[in-house]
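Participant: No gaps in the numbering here: position 289 of the sequence shown is 320 in the working numbering, and each next residue is one more. For glycine and all other residues, C-beta sits at the position ideal for the given N, C-alpha and C. Everything numeric in this text was worked out from a predicted model, so none of it was measured. The structure follows.
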Amino acid sequence: MNAADLRALDRLQLLVTRRLDGLLHGDYLGLLPGPGSEPGEAREYRAGDDVRRMDWPVTARTTTPHVRTTIADRELETWLAIDLSPSLDFGTVGMLKRDLAEGAVAAFAYLAGRGGNRIGAVVTDGGPAKAIPPRPGRGGARSLLRAVTTLPRAAGADPAKAEGREAHGHGLAELIDKTRRHARRRGLAVVVSDFLEDEANPSDWPRELRRLAVRQQVLCVEVLDPAELALPDVGVLDLIDPETGQTVEIQTGNARFRARYAEAAAEQRARIATGIRSGGAAHLRLSTGSDWLRDIAAFVAERRHLAAYR
């Protein structure tokens with residue numbers, strides 16, 4: 032990593048630290064508050080409570096349904112599953128999706144590192160997933176981010192290489208599966224990806240999410256660009272698939288074509304949302320066209336607010 036890269040990394044970390052510290056106030060409550068593992072007090076059952084937390088002895092004594100609350104773990108091991116495949120080398124609003132994904136990694140590594148938690152990662156550039164061993168605190172977050180941002184970009188525009196990746200099964204499902212294998216302790220897993228795959232040869236990543244969620248709290252961070260949801264009217268466009276190198280010419284001036292594109296894009300995003308939901312994971316969508324740090328802060332604050340009333 033050269034001096035310019037180090038300065039860029041420092042600026043990103045400084046931005047994340049200042050913005051999130053300003054947007055998120057209060058004591059350390061954990062990144063994604065959950066049920067925890069230590070037993071707490073019993074309280075009356077409320078609609079929406081997990082029936083698996085029913086306290087049957089107290090319920091029998093009082094004849095009123097009670098649930099047993101649990102104390103959220105403060106020292107957790109956090110794993111980031113980071114997808115930096117060639118489809119993220121796309122962007123139309125000032126940054127690439129890859130830049131946004133790296134920013135999200137910086138933000139969640141910083142948040143997870145508060146309180147001395149250990150942070151590890153499994154990352155793929157479109158090839159075999161590579162593991163970065165967990166390290167504690169902000170120092171661990173910094174070294175992890177440095178390793179991720181210096182990962183060389185895959186030459187995804189070579190069709191032969193793209194076919195090789197498919198033949199070896201590299202993809203989102205493998206990334207999540209490898210993360211599950213490394214995350215042996217209960218904790219938090221954050222999957223950062225655009226969740227785009229070859230629809231002719233999709234992997235069963237929702238199944239791997241469900242397996243990961245057995246022992247981990249799981250958060251899926253979906254990164255996208257506004258042009259992936261709706262095409263602007265800019266005339267003829269030559270588009271290149273960064274995964275395969277295939278090119279196609281489209282006429283964006285055709286209103287019917289833009290409408291069909293928007294409809295197909297909405298269906299695609301709905302399938303992704305359904306897959307994440309069926310995997311038992313929380314879902315955060317970040318766009319290159321929005322204030323992504325404010326979106327992260329709002330999401331975390333909302334989760335903490337909801338947890339306070341559970």
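List the whole-angstrom C-beta distance separating residue 254 from residue 225, where the pair is believed to meet the contact cut-off of C-beta under 8 Å.
Facilitator: Yes, residue 254 and residue 225 are in contact; Cβ-Cβ is about 5 Å, under 8 Å.
Participant: Kindly indicate the opening and closing residues of the beta strand (DSSP E) around residue 173.
Facilitator: Looking at the DSSP string, residue 173 is not in any beta strand (DSSP E); the run it does join, the alpha helix (DSSP H), is 168-180.
Participant: Would the beta-carbon of residue 276 fall within 8 Å of that of residue 109?
Facilitator: Contact flag unset, no.
Participant: Measuring alpha carbon to alpha carbon, tell me which of 114, 158, 321, 228 ends up nearest residue 152.
Facilitator: If we check each option's Cα against that of residue 152, 114 comes out closest.
Participant: Would you mind working out which of 94, 149, 305 sits nearest residue 240, comparing C-alpha positions?
Facilitator: When only C-alpha atoms are compared, the closest one is 305.
Participant: Taking the Cβ atom as the reference point for each residue, do residue 260 and residue 289 lie within a distance shorter than 8 Å?
Facilitator: Contact: no.
Participant: Which partner residues does residue 223 have in the DSSP bridge list?
Facilitator: According to DSSP, residue 223 bridges with 113, 252.
Participant: When we look at the beta-carbon of residue 321 and count the other beta-carbons within 10 Å, is it buried (16 or more) or exposed?
Facilitator: It counts as exposed.
Participant: Taking the C-alpha atoms as reference points, what is the distance between residue 286 and residue 314?
Facilitator: Using only the alpha carbons, I get a separation of about 32 Å.
Participant: Where does residue 228 fall in DSSP's three states?
Facilitator: Residue 228: coil per DSSP, three-state reduction.
Participant: Just mark residue 140 as buried or exposed, buried being the case when its beta carbon has 16 or more other beta carbons within 10 Å.
Facilitator: Answer is buried; the Cβ neighbour count reaches 16.
Participant: Looking at the strands, I want to know which residues DSSP matches up with residue 120.
Facilitator: DSSP lists no partner for residue 120.
Participant: Quick check on residue 306: does DSSP put it in helix, strand or coil?
Facilitator: Of the three classes helix, strand and coil, the one that applies to residue 306 here is helix, per DSSP.
Participant: Tell me which residues share the same chain as residue 90 and place their Cβ nearer than 6 Å to its Cβ, disregarding the 5 neighbours each side in the sequence.
Facilitator: Closer than 6 Å at the Cβ level, and outside the excluded window around residue 90, lie 96, 97.
Participant: Pair every Cβ in the segment 131-150 with every Cβ in the segment 44-52, then say whether three or more of these pairs are closer than 8 Å.
Facilitator: Contact between the segment 131-150 and the segment 44-52 is present, because at least three Cβ pairs lie under 8 Å.
Participant: Does the beta carbon of residue 140 sit closer than 8 Å to a beta carbon anywhere in chain C?
Facilitator: Looking for chain C here will not work: only one protein chain is present.
Participant: Which whole-angstrom value is the C-beta distance of residue 234 and residue 214, which I expect to be below 8 Å?
Facilitator: The pair is not a contact, with the Cβ atoms about 19 Å apart (cut-off 8 Å).
Participant: State buried or exposed for residue 122, treating a residue as buried only when at least 16 other CB atoms are found within 10 Å of its CB.
Facilitator: Counting Cβ neighbours within 10 Å, residue 122 comes out buried, since at least 16 surround it.
Participant: Output needed for residue 242: all residues of its chain with C-beta closer than 7 Å, excluding positions within five of it in sequence on either side, in chain order.
Facilitator: Closer than 7 Å at the Cβ level, and outside the excluded window around residue 242, lie 211.
Participant: Compare the beta carbon distance of residue 133 and residue 179 with 8 Å and say whether it is the shorter of the two.
Facilitator: For residue 133 and residue 179, yes; Cβs fall inside 8 Å.
Participant: Does the separation of the CB atoms of residue 310 and residue 249 fall below 8 Å?
Facilitator: Contact: yes.
Participant: Could you check the C-alpha separation between residue 182 and residue 157 for me, to the nearest Å?
Facilitator: Cα to Cα, the separation comes out at about 11 Å.
Participant: Going straight from the alpha carbon of residue 160 to that of residue 209, what length do you get?
Facilitator: For residue 160 and residue 209, the distance between alpha carbons rounds to 7 Å.
Participant: Tell me the DSSP secondary structure of residue 162 in three-state form.
Facilitator: The answer is strand: DSSP assigns residue 162 an E or B state.
Participant: What did DSSP end up calling residue 86 once you bin it into helix, strand or coil?
Facilitator: Residue state, collapsed to three classes: coil.
Participant: So what does residue 247 bridge to, in DSSP terms?
Facilitator: Paired residues: 218.
Participant: If I measure Cβ to Cβ from residue 324 and keep anything under 6 Å in the same chain, skipping five residues before and after, which residues do I get?
Facilitator: Hits under 6 Å: 50.
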